[in-house]
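Sequence lines, in order, name chains A and B.
Numbering of the first sequence is given in numbering that gives the first Met the number 0, commencing with residue 0 and proceeding in unit increments.
Numbering of the second sequence is given in numbering that gives the first Met the number 0, commencing with residue 0 and proceeding in unit increments.
The beta-carbon is built from N, C-alpha and C at its ideal position, and this holds for glycine as well.
Treat the numbers as computed from the prediction; the structure is a model and nothing was measured.
Everything on this sheet refers to the single structure shown next.
There are 2 protein chains.
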Amino acid sequence: MSQIDQILNHVDANLENSLTRLFDLLRIKSISTDPEFKGDCRKAAEWLANELTSIGVPSQVRDTTGHPMVVGHRTGEGKAGPHVLFYGHYDVQPVDPIELWHSDPFDPRIVTREDGGKMIVARGANDDKGQLMTFVEAMRAYIEVTGDMPLNITVFLEGEEESGSPSLEPFLDANKQELSKDLALVCDTGMWNRTTPAITVMLRGMVSEEIVVTGPDKDLHSGFFGGAARNPIHVLAKMIDSLRDDMGRITLDGFYDDVPELPQDVKDMWAELDFSQEEFLGGVGLKMPAGEQDRSALEQVWARPTCELNGIWGGYTGAGFKTVIPSKAHAKISFRLVGDQDPEKIRASFRKKMLALCPPDCSVEFHEHGGDRAQRVDFTAPALEKGCKALEAEWGKETVLMGGGGSIPVVGNFKRDLNMDTLLIGFGLDEDQIHSPNEKYELTSFHKGIRSWVRVIAELSKG
Amino acid sequence: MSQIDQILNHVDANLENSLTRLFDLLRIKSISTDPEFKGDCRKAAEWLANELTSIGVPSQVRDTTGHPMVVGHRTGEGKAGPHVLFYGHYDVQPVDPIELWHSDPFDPRIVTREDGGKMIVARGANDDKGQLMTFVEAMRAYIEVTGDMPLNITVFLEGEEESGSPSLEPFLDANKQELSKDLALVCDTGMWNRTTPAITVMLRGMVSEEIVVTGPDKDLHSGFFGGAARNPIHVLAKMIDSLRDDMGRITLDGFYDDVPELPQDVKDMWAELDFSQEEFLGGVGLKMPAGEQDRSALEQVWARPTCELNGIWGGYTGAGFKTVIPSKAHAKISFRLVGDQDPEKIRASFRKKMLALCPPDCSVEFHEHGGDRAQRVDFTAPALEKGCKALEAEWGKETVLMGGGGSIPVVGNFKRDLNMDTLLIGFGLDEDQIHSPNEKYELTSFHKGIRSWVRVIAELSKG
């Protein structure tokens with residue numbers, strides 16, 4: 000039996016134990032946004048550092064001004080492949096609305112569906128405890144069977160991913176030498192579908208703004224002032240309506256300047272995917288792609304920039320009616336970015352357009368809410384080819400090179416601060432309800448995820 | 000000393016007691032739109048019925064399906080003038096945003112301004128508790144000094160004026176005989192300025208709607224769906240922006256069909272008023288009239304129809320940022336009406352236009368919030384002349400015949416259901432912040448308001 004088959008058999012034989020360990024981690028209430036759970040976050044970090052150390056990857060809990068990091072290394076002489084840095088996050092989203100959960104979010108369980116499929120249900124089952132443990136368990140199997148890892152490895156886990164990663168940049172800056180490796184591996188993305196593996200090769204960036212339009216300096220009675228007084232909701236509505244034209248294109252000056260066309264081979268691959276626009280939109284009660292009308296829905300969500308209204312409020316919003324002309328109207332607006340779009344250039348163009356639409360007797364304030372460039376993987380990188388090959392061997396299907404609609408900011412930090420490329424391999428499904436009640440992770444995602452990493456590690460170690 | 004002077008002296012001598020009684024009423028939290036304050040509304044009704052009865056106007060609290068009415072009568076043989084019905088409302092607006100109040104809205108106080116002027120500050124200080132108490136205190140003084148009222152009088156107070164008066168029509172229908180008198184007196188309007196009395200001779204009507212646009216059937220993550228999923232805030236913004244053109248004209252089909260031009264003599268009177276557009280708008284932090292660009296600001300607020308956004312909400316409105324694509328977006332929209340505009344015709348035209356702008360995979364719901372035609376007073380009515388004369392005697396200045404921007408729907412009900420004309424005399428000022436934080440009523444409005452009613456009652460009783 001080949002060495003790789005021995006390791007995979009070991010994974011299969013020890014699945015119950017792997018699950019027991021995952022469940023221990025899932026029971027820790029490591030909600031990073033809520034100060035009440037500060038102690039639980041540290042507990043999760045300590046649990047992981049102990050676990051990694053016991054496997055044979057000596058690790059430490061490292062303090063920050065927020066929740067701690069976990070860093071571990073296992074290195075040796077004469078290994079062929081790249082030194083990889085594996086990244087994951089041990090913190091989870093809050094559980095509200097708690098009443099919609101069918102079971103305690105921190106009491107993990109295996110639920111069998113009517114179709115016979117089994118799933119792990121708990122907060123963090125997918126995002127990101129279940130995903131990160133696929134890699135940890137793959138390392139364990141490798142070391143238990145062969146006595147070593149075939150690659151030099153650094154593990155880097157954070158506990159603030161769900162709350163904006165405030166400590167990440169300072170930590171990377173302070174530990175640049177220790178963490179700058181040849182390649183980052185991140186397990187926080189999805190498969191194409193339940194049986195088809197995927198590597199995410201494009202992630203959209205984002206720039207977000209809160210805008211406040213002030214008209215009159217106090218709320219007015221529309222009986223006295225209606226007609227003559229400028230209504231800030233009207234002004235804001237005009238601003239919002241101006242952001243997109245009838246063809247779904249965003250109208251900011253220079254918005255598409257740094258948006259590249261897809262490479263033809265990626266276009267071809269996406270065109271061949273069994274993607275149903277009707278099912279994708281139908282699943283959420285919609286019919287027609289609302290973005291650029293000359294682009295497919297898949298392009299719209301994976302490869303095109305967008306403008307989204309995330310919130311709006313102003314005036315009287317309670318029950319009944321109040322004939323008020325409000326002093327202020329507010330909106331939260333974000334732009335998903337692709338290619339080389341510069342968040343600060345887009346922000347400036349947005350503000351300029353909004354200011355131009357602001358009548359002389361109104362004023363407009365902007366509050367910045369972060370900005371990240373889009374991320375792309377080099378399509379010709381050898382690691383990408385190896386990853387595809389390894390996943391194909393495990394799942395028996397060609398690996399899909401996916402776009403990703405959401406951003407994973409750490410990928411940008413790795414590139415910018417550590418000059419390190421990232422390979423995004425994950426086993427989640429769109430239906431996994433991450434950030435929502437009844438989050439789950441397929442048992443096959445967990446099991447074959449571990450096996451997949453064994454194969455990826457082996458493939459990368461061929462040098 | 001003439002009888003009228005004796006009564007006026009009595010008013011002056013008892014001002015402190017009048018204020019004490021008003022403060023008792025202001026302390027009752029009679030917010031009619033909020034079910035939490037149902038008991039307080041009844042308490043205000045009971046307080047008023049007791050008060051009127053103790054003065055010598057036997058009154059009762061009369062149940063409705065909503066908040067109760069207060070009805071009292073004092074009649075006698077051989078009185079010369081008309082039987083008048085005095086109308087006021089004891090309910091008040093909600094107090095939000097509470098954090099902008101400088102003192103507890105239900106702990107009334109006298110505040111002395113830098114210019115030495117004194118004002119009564121509390122929710123309802125003007126609208127309508129302060130105003131209605133001017134009439135009540137005038138009756139008290141009349142009866143205390145002369146032993147009787149010189150007119151037959153009916154007092155009719157409601158507690159749902161700020162929430163659309165749902166019980167008003169049924170109550171008028173059921174008590175037509177009892178309430179149909181010769182003339183209604185209403186104290187819920189304003190003066191021309193702090194020293195110049197006014198009678199309001201035109202009131203705009205209103206039709207109001209709540210609109211709900213639904214896009215996706217659940218809230219979506221903009222990372223997964225952004226670009227392809229229709230955003231209901233976008234749709235709503237387009238709808239709102241479509242309601243007015245760049246010249247400030249409202250774009251609904253047929254909107255101006257039943258809008259008459261002002262009679263030339265009224266136009267002339269208004270042109271002679273010392274009205275400063277700059278001061279009117281400057282007082283609330285604005286500069287330019289925002290309505291129809293070929294009309295003066297005074298026309299815009301007194302004699303022209305309008306469209307107002309009273310509230311808007313949707314998506315995430317809390318602190319920080321959430322990259323949600325909301326399922327729903329909401330707005331509260333109202334139209335002030337003039338002349339013969341038909342609220343239901345305007346409502347239908349509004350709905351038709353909104354539906355036409357709704358994309359096929361979105362839906363739109365409408366919730367009706369009442370509709371009232373505009374009201375105009377007969378310029379040749381003898382009561383109007385008597386009212387002007389009485390006010391002139393009190394204030395020493397000619398009475399201005401004003402347009403009124405806001406609607407007082409009860410005036411329409413009195414005309415339509417009881418065939419009764421209304422004389423609108425009030426002592427509020429534009430700056431009184433009714434419906435807003437720090438509502439106030441000038442102490443002179445209260446004091447000389449009581450004195451004014453004594454004179455109006457005396458004038459009307461001359462027959």
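Next on the checklist: Give me, in chain order, the residues of the same chain whose beta-carbon lies closer than 6 angstroms to that of Arg454/B; leave out the 5 immediate sequence neighbours on both sides.
Outcome noted: Ala389, Ala392 and Glu393
Checklist entry - From His72/A, Thr64/A, Gly65/A and His66/A, pick the residue whose C-alpha is nearest to that of Ser58/A; which is it? => result His72/A
Checklist entry - Taking just the CA atoms, how far does Ile54/B sit from Cys357/A? => result 56 angstroms
Item to check | Under 7 angstroms from the C-beta of Leu219/B: neighbouring residues of chain A | outcome: Val283
Checklist entry - Which runs of the alpha helix (DSSP H), 4 residues or longer, sit entirely within the region 351-425 of chain B? => result 381-394 and 408-417
Item to check | Interface residues of chain E facing Arg372/A [CB-CB closer than 7 angstroms] | outcome: Any reference to chain E falls outside this structure, whose protein chains are A and B.
Checklist entry - At least one CB of chain A closer than 8 angstroms to the CB of Gln92/B: is that the case? => result yes
Checklist entry - What distance in whole Å lies between the Cβ atoms of Lys180/B and Thr153/B, which are believed to be in contact at a cut-off of 8 angstroms? => result 6 angstroms
Checklist entry - How is the alpha helix (DSSP H) around Val265/B delimited, first residue to last? => result Gln263 to Glu271
Item to check | Beta-carbon separation (whole angstroms), Lys331/B vs Gly314/A, contact threshold 8 angstroms | outcome: 7 angstroms
Checklist entry - From Asp12/B to Arg450/B, what distance separates their C-alpha atoms? => result Position check: residue 12/B holds Ala in this sequence, whereas Asp was assumed. Rounded to whole angstroms, Ala12/B to Arg450/B spans 12 angstroms at the Cα level.
Checklist entry - Should the region 114-133 of chain A be regarded as contacting the region 141-148 of chain A, the criterion being three or more beta carbon pairs within less than 8 angstroms? => result no
Item to check | Collapsed DSSP secondary structure at Val453/B in the structure displayed | outcome: helix
Checklist entry - If contact means a Cβ-Cβ distance below 9 angstroms, which residues of the region 144-178 of chain B contact chain A? => result Glu161, Ser162 and Gly163
Item to check | Endpoints, the beta strand (DSSP E) within which Phe334/B is located | outcome: Lys327 to Leu336
Checklist entry - Beta carbon of Arg375/A, beta carbon of Gly226/B: below 8 angstroms? => result no
Checklist entry - Are the C-beta atoms of Ala124/B and some chain A residue less than 8 angstroms apart? => result no
Checklist entry - Would DSSP call Trp46/B helix, strand or coil? => result helix
Checklist entry - Beta carbon of Val91/B, beta carbon of Glu45/B: below 8 angstroms? => result no
Checklist entry - For Arg335/B, which residues in chain A fall below 8 angstroms Cβ to Cβ? => result Ser221, Gly222, Gly225 and Gly226
Next on the checklist: Against Thr421/B, what residues of chain A qualify as contacts under a CB-to-CB distance less than 9 angstroms, listed in chain order?
Outcome noted: What Thr421/B touches in chain A: nothing, since even the nearest Cβ is about 16 angstroms away.
Next on the checklist: Run through the DSSP bridge pairs and tell me what Leu308/A is partnered with.
Outcome noted: Ile332/A
Next on the checklist: Just to make sure I have the definition right: I need the residues of chain A whose C-beta is within less than 9 angstroms of the C-beta of His233/B. Which are they?
Outcome noted: Ile239, Asp240, Leu242, Arg243, Ala289, Cys306, Glu307 and Leu308
Checklist entry - Ordered along the chain, which non-local residues of its own chain (more than five positions away) have a Cβ less than 7 angstroms from that of Asp256/A? => result none
Next on the checklist: If the cut-off is 9 angstroms on Cβ atoms, which residues from the region 312-330 of chain A count as contacting chain B, listed in chain order?
Outcome noted: Trp312, Gly313, Gly314, Tyr315, Thr316, Gly317, Ala318, Gly319, Phe320, Lys321, Thr322, Val323, Ile324, Pro325, Ser326, Ala328, His329 and Ala330
Checklist entry - Would a check of beta-carbon distances place Asn230/A closer than 8 angstroms to chain B? => result yes
Next on the checklist: Below 7 angstroms on C-beta distance, what does Ser435/B contact in chain A?
Outcome noted: Lys217 and Asp218
Checklist entry - In three-state terms, what does DSSP make of Glu15/B? => result helix
Item to check | Proximity below 8 angstroms, CB of Leu7/B to CB of Leu459/B | outcome: no
Item to check | Which residues DSSP lists as bridging Asn8/B, in chain order | outcome: Asn8/B pairs with nothing; no bridge assigned.
Checklist entry - Straight-line CA distance for Ser406/B to Val300/B? => result 11 angstroms
Checklist entry - Is the Cβ-Cβ distance between Val283/A and Leu219/B less than 8 angstroms? => result yes
Next on the checklist: With H, G and I counted as helix, E and B as strand and the rest as coil, what does DSSP make of Glu209/A?
Outcome noted: strand
Next on the checklist: Which same chain residues end up closer than 7 angstroms to Trp452/A when comparing Cβ atoms and leaving out the 5 residues on each side of it in sequence?
Outcome noted: Thr133, Phe134 and Ala137
Checklist entry - Which chain A residues are close to Ser1/B, counting only those with a beta carbon under 9 angstroms from its beta carbon? => result In chain order: nothing, as chain A lies at least about 38 angstroms away.
Item to check | Through-space distance from Ser275/A to His366/B, alpha-carbon basis | outcome: 36 angstroms
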